[in-house]
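Protein chains in written order, with this note's numbering: chain A, 1 to 362; chain B, 1001 to 1159.
Here's the structure, in structure tokens; my notes come after.
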């Protein structure tokens, strides 16, 4: 049986031409990607890879095409001279592509690390921006309060002097009933003004700050005490092991306690008598975090993504306003809240505060 | 045990004292070319394999373009294996099996065993390396489109 080599040759020549065209097209696109962002390491890799592929295609395809051309030109002996060079160059391109690819493997790890760091810096910048805005609000509020205090203080002095002078005049003008009555009225008004200033000063000094340094340990213990009655009534034990190091966050204590009490009550309600609710304070990915875990009946899987939506229902269970309110409070602290739950196994609530707001106290 | 201490020194002494003539240049015989080429194919297979695996294991497959790159790597790996086998089979085919007809330019291959059939099939290696390059091209186009979208999104954000 004899098979013609014509199909092989046709495929070889057409395939070689297509390879040359494709590798040039690859290089063109890689150049365009590279010019968009010359500092991007992946773009640089792509252009090097495309150059290596072009070298591989040219060395291989030109060799094949020249071989066929020389055959048909009856110059086969020329191919015998050329083929060692063509083959050697082709072999070299294998090694070059391999080396670039191996380099990519190492480079990819570095690129990935760089991308992660970039993302981290972006996140931190965002947090810093928010913190800066909060600080500006606090500073402006404090400045306004201080200015008001200063004005009040400056008004108090003349008012006190007026009061003193009127009292002295009253003593000196004893007997002149008409003037005495008028002075009495002036004194009453001056005393009114003094009391108003005192009340204003007291109010301004009592004004609460936006965020204060709060110990997470204290917050959870105080919230635990508030729900202790509910827990005892249900026969549920609240287990809280304080961390070895104290975690301090910048927070509005009253609001955070509202959150904790709500979550602890939910956990107690979901738990069976005799079971326990575990609360913990920990560092998670360099951020202070707080977890509340119960071993109760759990939440249906389809409900979990909608827990923070008000009045969402799956037909059996309906959400209220509690959890959306809690998420709002946590968001105002630049934190996150997540709920993981499995039917029959219980629920885990995790609250994370941004790292910038928290610090470790040794 | 101190009696064994001189053994390495004695061994080195005998090895050195029994040396032959040393030639400055090592000769490279003709078969070395094929050997190097085949080893390069094996190296190429390993590199393309690790390339595709690396892409598969990392964050890159999230982008469609890199999926095509991984596929191109796998196709090139298969092509290398194909070509590696082809080079071996070529050695087993006798030149007498290639016959040039009296009135023709293209030779015929005399099929006498499975080796000629395998040689015929393996000679069509473009069926693998051309799709590999097409995959790289489509992958690059995808990456380009993706980067255009990203830069467009950046412009919108900055607006």
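We put the beta carbon where it would ideally sit given N, CA and C, even for glycine.
As the structure is a computational prediction, the values presented were derived from the model and not from experiment.
Determine the contact status of residue i and residue j, defining contact as a CB-CB distance below 9 Å.
{"i": "residue 265 of chain A", "j": "residue 227 of chain A", "result": "yes"}
{"i": "residue 66 of chain A", "j": "residue 43 of chain A", "result": "no"}
{"i": "residue 171 of chain A", "j": "residue 222 of chain A", "result": "no"}
{"i": "residue 279 of chain A", "j": "residue 240 of chain A", "result": "yes"}
{"i": "residue 351 of chain A", "j": "residue 295 of chain A", "result": "no"}
{"i": "residue 1044 of chain B", "j": "residue 1075 of chain B", "result": "no"}
{"i": "residue 268 of chain A", "j": "residue 214 of chain A", "result": "no"}
{"i": "residue 1129 of chain B", "j": "residue 15 of chain A", "result": "yes"}
{"i": "residue 1123 of chain B", "j": "residue 75 of chain A", "result": "no"}
{"i": "residue 159 of chain A", "j": "residue 193 of chain A", "result": "yes"}
{"i": "residue 324 of chain A", "j": "residue 310 of chain A", "result": "yes"}
{"i": "residue 52 of chain A", "j": "residue 107 of chain A", "result": "no"}
{"i": "residue 24 of chain A", "j": "residue 100 of chain A", "result": "no"}
{"i": "residue 1147 of chain B", "j": "residue 105 of chain A", "result": "no"}
{"i": "residue 32 of chain A", "j": "residue 1144 of chain B", "result": "yes"}
{"i": "residue 2 of chain A", "j": "residue 1089 of chain B", "result": "no"}
{"i": "residue 1133 of chain B", "j": "residue 26 of chain A", "result": "yes"}
{"i": "residue 366 of chain A", "j": "residue 211 of chain A", "result": "The requested residue 366 of chain A is not part of the displayed model; chain A covers only 1 to 362."}
{"i": "residue 289 of chain A", "j": "residue 353 of chain A", "result": "yes"}
Let me confirm a value: residue i is counted as buried when at least 16 other C-beta atoms fall within 10 Å, else exposed. Which label applies?
{"i": "residue 157 of chain A", "result": "exposed"}
{"i": "residue 168 of chain A", "result": "exposed"}
{"i": "residue 347 of chain A", "result": "buried"}
{"i": "residue 77 of chain A", "result": "exposed"}
{"i": "residue 272 of chain A", "result": "exposed"}
{"i": "residue 22 of chain A", "result": "buried"}
{"i": "residue 219 of chain A", "result": "buried"}
{"i": "residue 314 of chain A", "result": "exposed"}
{"i": "residue 183 of chain A", "result": "buried"}
{"i": "residue 109 of chain A", "result": "exposed"}
{"i": "residue 1080 of chain B", "result": "buried"}
{"i": "residue 60 of chain A", "result": "buried"}
{"i": "residue 1005 of chain B", "result": "exposed"}
{"i": "residue 179 of chain A", "result": "exposed"}
{"i": "residue 9 of chain A", "result": "buried"}
{"i": "residue 345 of chain A", "result": "exposed"}
{"i": "residue 1140 of chain B", "result": "buried"}
{"i": "residue 1100 of chain B", "result": "exposed"}
{"i": "residue 1154 of chain B", "result": "Interpretation of residue 1154 of chain B is limited by its pLDDT of 48, a score under 50 that renders its predicted location unreliable; the figure taken from the coordinates is listed afterwards. Exposed is the call here."}
{"i": "residue 1095 of chain B", "result": "exposed"}
{"i": "residue 1116 of chain B", "result": "buried"}
{"i": "residue 1073 of chain B", "result": "buried"}
{"i": "residue 1009 of chain B", "result": "exposed"}
{"i": "residue 153 of chain A", "result": "exposed"}
{"i": "residue 1066 of chain B", "result": "buried"}
According to DSSP, is residue i part of a helix, a strand, or is it coil?
{"i": "residue 126 of chain A", "result": "helix"}
{"i": "residue 346 of chain A", "result": "strand"}
{"i": "residue 7 of chain A", "result": "helix"}
{"i": "residue 71 of chain A", "result": "helix"}
{"i": "residue 1004 of chain B", "result": "helix"}
{"i": "residue 1157 of chain B", "result": "Residue placement at residue 1157 of chain B is poorly supported in this model, since its pLDDT is 41, which falls under 50; the coordinates still yield a value, given next. Note: residue 1157 of chain B maps to helix in three-state DSSP."}
{"i": "residue 1080 of chain B", "result": "helix"}
{"i": "residue 16 of chain A", "result": "helix"}
{"i": "residue 24 of chain A", "result": "helix"}
{"i": "residue 313 of chain A", "result": "strand"}
{"i": "residue 418 of chain A", "result": "Past the edges of chain A, shown from 1 to 362, lies residue 418 of chain A, and the structure says nothing about it."}
{"i": "residue 1145 of chain B", "result": "helix"}
{"i": "residue 334 of chain A", "result": "coil"}
{"i": "residue 307 of chain A", "result": "coil"}
{"i": "residue 211 of chain A", "result": "coil"}
{"i": "residue 1140 of chain B", "result": "helix"}
{"i": "residue 1098 of chain B", "result": "strand"}
{"i": "residue 1128 of chain B", "result": "helix"}
{"i": "residue 340 of chain A", "result": "strand"}
{"i": "residue 360 of chain A", "result": "Low per-residue confidence applies at residue 360 of chain A: pLDDT is 45, beneath 50, and the placement is therefore not dependable, though the value from the model is reported in the following sentence. Of the three classes helix, strand and coil, the one that applies to residue 360 of chain A here is strand, per DSSP."}
{"i": "residue 220 of chain A", "result": "helix"}
{"i": "residue 248 of chain A", "result": "strand"}
{"i": "residue 351 of chain A", "result": "strand"}
So residue i and residue j are supposed to be a Cβ contact under 8 Å. How far apart are they, rounded?
{"i": "residue 364 of chain A", "j": "residue 342 of chain A", "result": "With chain A running from 1 to 362 in the structure shown, residue 364 of chain A is simply not present."}
{"i": "residue 330 of chain A", "j": "residue 259 of chain A", "result": "7 Å"}
{"i": "residue 1084 of chain B", "j": "residue 1041 of chain B", "result": "4 Å"}
{"i": "residue 281 of chain A", "j": "residue 243 of chain A", "result": "5 Å"}
Entirely enclosed beta strand (DSSP E) segments - the stretch 159–200 of chain A, minimum 3 residues: Runs of the beta strand (DSSP E) inside the stretch 159–200 of chain A: none found.
Every unbroken alpha helix (DSSP H) inside the stretch 1101–1126 of chain B [4 residues or more]: Segments of the alpha helix (DSSP H) lying fully in the stretch 1101–1126 of chain B: 1114–1122.
Length at least 4, wholly inside the stretch 250–298 of chain A: the alpha helix (DSSP H) runs in chain order: Whole alpha helix (DSSP H) segments, 4+ residues: 253–270.
Ordered list of alpha helix (DSSP H) runs contained in the stretch 39–118 of chain A, each at least 4 residues: Listed in chain order, the complete alpha helix (DSSP H) runs (minimum 4 residues) inside the stretch 39–118 of chain A are 41–72.
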